[in-house]
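Novice: The numbering used here puts the first residue of the sequence shown at 541, with every later residue one more than the last.
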Amino acid sequence: MTHPAFVSDGIFAIIGPTGSGKTTILDAICLALYGRTPRLNKVTKSENEIMARQTGACFSEVLFETQAGRFRCHWSQRRARKKPDGELQTPKHEIADADSNQILDAKLRGVAEQIEMVTGMDFDRFTRSMLLAQGGFAAFLQAVPDERAPILEQITGTEIYSQISMCVHERRSDERKTLDLMMAELAGVQLLGDEEEQQLNVSLDHHNNQEVLLQQEITKKNLAMTWLEQLNSLEKDLGFIIEQQHDLLQRRELFKPELERLERAKQALEISAVHADISALRREQESANQECNDRRLALPGREAELKTAADALTLAVADLEQKRIEQKSTLAVIRKVQALDIKLQEKEEPMIKVNEVILAIKRSLSTLLAKNNDDCRDLAIKSIAFTEVRERLRLKKADEGLIANLAGIGSRFDILRDLNEQHGNKAAELSIAEMQMAELDRTWHEQTVMLATKEKELNACQHDFVHYQNQLKKTLAGRAMADWRGASMLLKERSASLQKTMKAIHSLADLKANLEALNNRQAMLTLAQDGLVNKIQVQVEQCGAYEREVHLLETQLSLFKRIQDLTDIRHQLEDEQPCPLCGAKEHPFATGTIPVPDETMTLLKGARENYKQANAMHSGLKIKQAENVKDLEQLLLQRNECIDRIAIEEAEIQDAFSIFALDVSAQERETVLVNLVQETDKNLENTLQVVQVVDEYEQKMELAREALEKSKESFAQSERENQTASHKKISAEQDVTRIAKELSTLDFQRQKTLDKELAALATYGIKSLALDALAHVQLELAARRDQYLDLQKQNSDLEKQIASLQSQTKYQAEQISNLEIDLKNQQNMLMALKADQDLLMHERNSLFGDRNPHEVETHLVAVIEAGEKRIEGLRQTLSVTEQECAKLKSAIESIEKTIFSRSLKLQEVALVFKTQLDKFNFADEASYINACLSEDERKNLMLNAQKLENEYTELETRRKDKADLLEIERQKKVTAQSPEFLVQERSGLISRLKEIQQAIGAMQQKLEGNERLRKKQQERVQAINLQKRESLRWDTLHALIGSSDGKKYRNFAQGLTFEMMIGHANRQLLKMTDRYLLIRDESQPLELNVVDNYQAGEIRSTKNLSGGESFIVSLSLALGLSHMASKNVRVDSLFLDEGFGTLDEDALDTALETLAGLQQAGKLIGVISHVPTLKERISTRIQISHQTGGRSLISGPGCRRLD
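1) Below 7 Å between beta carbons: does that hold for Gly1582 and Ser705?
2) Would you list the residues sitting across from Val897 in a DSSP beta bridge?
3) In three-state terms, what does DSSP make of Thr1133?
4) What span of residues does the alpha helix (DSSP H) with Ala1463 cover, start to end?
5) In terms of residue numbering, what span does the alpha helix (DSSP H) encompassing Tyr1328 cover?
6) When you compare the CB positions of Leu799 and Ala1485, do they come within less than 7 Å of one another, or not?
7) Taking the alpha-carbon positions, what's the Lys887 to Gln1377 distance?
8) Going by C-alpha to C-alpha distance, which of Leu788, Leu880, Ala553 sits closest to Arg1717?
9) For Asn1335, which option in Arg932, Asp915, Leu1359, Phe604 has the closest C-alpha, if you only look at C-alpha atoms?
10) Can you list, in chain order, the residues of its chain whose CB lies under 6 Å from that of Val1707, leaving out five sequence neighbours each side?
11) Nearest CA to the CA of Ile1705: which residue from Pro1712, Thr1720, Val1711?
12) What does the alpha-carbon distance come out to for the pair Gly1074 and Glu1167?
13) Our contact map puts Ile555 next to Ile1724 with C-beta atoms below 8 Å; I'd like the distance itself, whole angstroms only.
14) Is Glu997 near Ser1251, with beta carbons less than 7 Å apart?
15) So, Gln1077 versus Ala1542, is the Cβ gap smaller than 7 Å?
16) Check Asp1108 in the structure and name its three-state DSSP category.
17) Quick one: is Pro557 buried, meaning 16 or more other Cβ sit within 10 Å of its Cβ, or exposed?
18) According to DSSP, is Leu774 part of a helix, a strand, or is it coil?
19) On the DSSP letters alone, give me the boundaries of the alpha helix (DSSP H) that Cys1472 sits inside.
20) On the DSSP bridge list, what partners appear for Ile700?
21) At what residues does the alpha helix (DSSP H) containing Ser1571 begin and finish?
22) With Thr606 as the anchor, note down where its beta strand (DSSP E) starts and where it stops.
23) Helix or strand or just coil, what does DSSP make of His633?
24) Could you round the C-beta distance between Ser1028 and Val1231 to whole angstroms and report it? I think they count as a contact, below 8 Å.
25) Buried or exposed for Tyr1616, please, with buried defined as at least 16 other CB atoms from any protein chain shown within 10 angstroms of its CB.
26) Are the CB atoms of Glu1297 and Arg952 nearer to each other than 7 Å?
27) Looking at C-alpha atoms only, which residue of Cys1182, Gln785, Val873, Asn1010 is the closest neighbour of Leu1495?
28) Answer with buried or exposed for Val929, where buried requires no fewer than 16 other C-beta atoms within 10 angstroms of its C-beta.
29) Do the CB positions of Ala1471 and Ala808 come within less than 7 Å of each other?
30) State the CB to CB distance for the pair Pro1737 and His543, rounded to an integer number of angstroms; the pair is presumed to be in contact (CB under 8 Å).
31) Which same chain residues end up closer than 8 Å to Cys1739 when comparing Cβ atoms and leaving out the 5 residues on each side of it in sequence?
32) In this structure, how does DSSP classify Ile1306 when only helix, strand and coil are distinguished?
33) On the CB-based measure, 16 or more other CB atoms within 10 Å of its CB, does His746 come out buried or exposed?
34) Less than 7 Å between the C-beta atoms of Thr1421 and Ala844, yes or no?
35) Taking the alpha carbon of Glu1489 as the point to measure from, which residue in Leu1228, Phe795, Leu580, Thr630 has its own alpha carbon closest?
36) Is DSSP giving Asp1184 helix, strand or coil here?
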């Protein structure tokens, strides 16, 4: 729009026949900016109605300028692989800086936000302020007031006022319901009197004092019963211990023989070290003798192996020398054969190359012969086809004129089709107008019937409202709704209290069972604690025994070590001379083997392990004793807690029964409570049913009230619609007369143009032309033109192809002759090379046959290497055998020396062992071995003996402890009464305590419940006061703007907006004519009237304006709405997509002058119309012309084709 023609005139027209695509230009602008059009809400992946048929892609691009800069916006969409039947792809939308080409955003949502930011307008404001769509602003003038409100909302964005009005109405109803419910809840609260509350406090103090005294008496009785139970238990334990002591004496008498065996085994253990030494020496001597004999037997075999190895080495050396002589004679023949093989290989390569050349010549010759045959056959076919094409061109000579004239014929056909389409549209318009006239007539009759129906509905709604009102009074039965709600709340509280009491009875039974289990557990833990004390004492004694055994073994081990450490001094001792250390004249260790303390070390390790285990067991028993003490303390706490909870539950149950005024035994409590719960639930159900029925009737009354209001409004609406239908029927009759006249004019123009075109087509043999066959004739002529052009192309192509084929066949014949000569020469050369090769092969076979010289030579070398390796192996075997013989002889000599030395040592140790046997009274070695016991057997005997001793000590200790404890308890003399008497007295005291605790709980619960109700009542009073103020606020707001359908506030807000719009419209209307002035109707806020200044200021309705007057008023309203919608955004362009056909010449001039006058405000006005007279009135025009295939051509200032 920067072309000088647009800038100078300030107004331009987009013209063209109907359906040529004038409105599509504005759609493309909207699509590039917002991705949608006024006619299509959204263009998505699943739907695109704007893409032309039989195309696979579409796009739109707009270059625009705002105060923020110059921008280029691009939108496009394609189908899969750009095929017409392909699936639609996701649209692409981007905005870029037009000067720097920088992409600002390329996301669908992001581009919309960028457009709104740089232009200051969203899609709705853009279509209200810049691009006024076809029929959009005329709808506002023609609408009735109720239909005008939604249109005004859509144009000005005031729909929020309807929502606010409806929300206020709903909130007012909610606040009223909340206040009624709070008042009902307050009415159901009842408090105790001051005197009654004081009496309860005095009685509560008295009962608390009695409770303390009874608890003290019960504690005394419990202590006496516990003392008696302890005396009985101690007497029983003492008798049981004495019986165990008698049994132990019998078992000790039976164990005496085993004890003697143990003592004998301990004596044998003292000399076990010397016996172990002599046994070890005996085993070593026997093993050495056996080894010496084995080696003497093996020596002759090794000497025989030595002689065999030496003989084999001599034979291998002689065989190797013979094979070396044979290798030398064979190598001379191999060298001659290798020379002949090299010559044969040299002959092979030229023969291979000649063979390859012969094969290549044969392949080329075969390919060339086949190609020559194909070209000759193709040349014959092309020659025949060339003759046929020239004949067809001669016969179609007349179609040659279509090449230049077909485009003009198509343009004239488009004009014919346009006229025919206008005729069809006008005929359809006439048919629609007649149908609308009939429909409006039928609507008028229906509205008359509807008016009577609405009156009947109004009477029915009034009857329903009165009926529900009477039913509500009947259901309440003379009581207020608050009384019914208060009664239901009291019954709910009573039911909850009864359920709580029932749970307390069940909990009391569980607590009593738990108390009995805790008593049993306490008795078991006490008995276990006594057993642990005895076990700990036994374990202490056992640890002492093990500690003594460890001490003895450590002493013995130190003596053995001292014997080993005196080796140097033993060498200085002399027979019959006293030892300087001990004074003994016999020195056994100086002549024999020193005892080894291995067995003593083993025994010491076992004794230490036993002491460790016994000590660990003692620690474990002490830990378990501490755990038992802790469990008894915890058990006592749980038992006391259980007793306290039983008392509390009893008090709560008694309190509840006091509140309900019930006096029943403990066994009948649950049955009475179940009956009372059922009775309370039944009364609650009846009360809630009444409340529910009343709520339903109140809801029905509210619905009936709303239905009555809506019926009244519907009746008034029906009256207005009846009047509107009458006016529309008269207007429709006028439209039918006008359209019939326009149809007759179009019919005359269409027939005249058709006759002229038929005369021009006679040259091509067309005698008749029907309007519905224009496309068929055009396609036929295009096909004839295309056929003629195709024949011309075929003629030229065949002529070139024939010349090319003739040249190729001639060249191919020369190549075939040359290849045959080359083939014969190569075959002769191959035969000569073959003869030379046969002579060399005969000489080679006579010398060496077909053997491989390399393999024979390799075999000879391998044989020599194998012989050398065999000789080397035999030499190594001989050396190893010699070494083994020497080692065997040396070992036999060493073993004989060792046997002699060990025999002397064995005699010395035997003498020492005999001395030890005499010392411990063993007759011989056999008696010593019989006295020895295994480690496990000796350990078991020691454990059994120790166990009997420990058991004796434990029983004696326990007997003394129990006797002392029994005497101490008897001296306490806690009571002289029997246990049965104490149990009876304690039961009586507990019963009295429960009664007092129940009374205390009932009084406390009653006082606490009264206090809670008092606080709750105060809170409710405060909440009701706050709710009253809140409800009053919403009542006041509802009186101002609230309504169930939102009309009250919406009509008020839209009335103000409507007044502003009329002011803007009158300024535009004054520029076009000084006759009319728009004003609001005083009785209908959204009704529009016209002041006619040419008739003394008479006020007229806009419904009886003529077509031209209606257009002028609608245009002024549209310009006023555009000014309002643009707000503070600078708008330099305005597009009007509306027909001007209803204006006479003067009105058209006035409208165009007004639009052109907007240039003074810096605006550029674009008008879209198909009215022919606009070509004369507006000099700057953009022409839209029909093209084939559903396309159009755009021409005019600034328009050019983009390649």
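No residue lacks a Cβ here, since even glycine has one placed at the ideal position from N, Cα and C.
Specialist: Well, looking at it:
1) yes
2) Beta-bridge pairing links Val897 to no other residue.
3) For Thr1133, the pLDDT reaches just 42, beneath the cut-off of 50, and the residue's location in the model is therefore unreliable, although a value from the coordinates is still provided. In the structure shown, Thr1133 sits in coil (DSSP, three-state: anything other than H, G, I, E or B).
4) Premise fails: Ala1463 is in no alpha helix (DSSP H) and is neither H nor E.
5) 1314–1388
6) yes
7) 6 Å
8) Ala553
9) Arg932
10) Ala553, Leu1676
11) Thr1720
12) The question names Gly, but residue 1074 in the sequence shown is Asn. Approximately 16 Å between the Cα atoms of the pair.
13) 7 Å
14) yes
15) no
16) Note on Asp1108: pLDDT 49, under 50, position unreliable in the model; the coordinate value appears next. DSSP places Asp1108 in helix when its eight states are reduced to three.
17) buried
18) helix
19) Counting along the chain, Cys1472 falls outside any alpha helix (DSSP H), and DSSP gives it neither H nor E.
20) Answer by DSSP bridge pairing: none, since Ile700 is not bridged.
21) 1519–1581
22) 597–606
23) strand
24) 6 Å
25) buried
26) yes
27) Gln785
28) buried
29) yes
30) 5 Å
31) Ile1722
32) coil
33) exposed
34) no
35) Phe795
36) helix
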